[in-house]
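Here the sequence shown stands for residues 1182 to 1297, where the numbers follow the working numbering. Where is the CB? At the ideal position from N, CA and C, for every residue including glycine. Since we're looking at a predicted model, the values are computed, not measured. Presented below is the structure to which this report refers.
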Amino acid sequence: MAPDGPRPRDFVAALVSEGAESLPGPPALALPLAPADDVIAAARRIALRALPDGPARPDPSPGLLPLAAALFVDEHPSAPAWSAAERERLTEWVAVLIEHRGEDGIQDLIGALTRS
């Protein structure tokens, strides 16, 4: 983006915070159906590998939670079957993954879920 324009992270966060309406259709992520516990375990495993030495479960940056939910959790084809608590736990781990690995972390997670 141009130096005088918004930073990409700020731009995406603003889009997410607007609460765009979900449209009907297939999920954006072409992933196999999976129980929430399996997806959470994969996200946790990859996020923990990305962390510097520190606590076992760091708190995610609050600003990344809506982004994690919109870009990954809500787009998983199994998400409608998961409980609110499961979706929240996954959102937290995906936010940690985004914070420490960015898109590479999400791609690692997609790869792990596709191979399993």
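| Asked | Found |
| --- | --- |
| Contact set for Val1220: own chain, Cβ-Cβ below 8 Å, skip 5 residues either direction | His1257, Ser1259, Leu1271 and Leu1294 |
| Under the three-state DSSP convention, the category Leu1214 falls into | coil |
| Exposed unless 16 or more other CB atoms sit within 10 angstroms - verdict on Gly1361 | No information on residue 1361 is available, as it lies outside the stretch 1182 to 1297 that the chain covers here. |
| Secondary structure of Ala1266, DSSP reduced to three states | helix |
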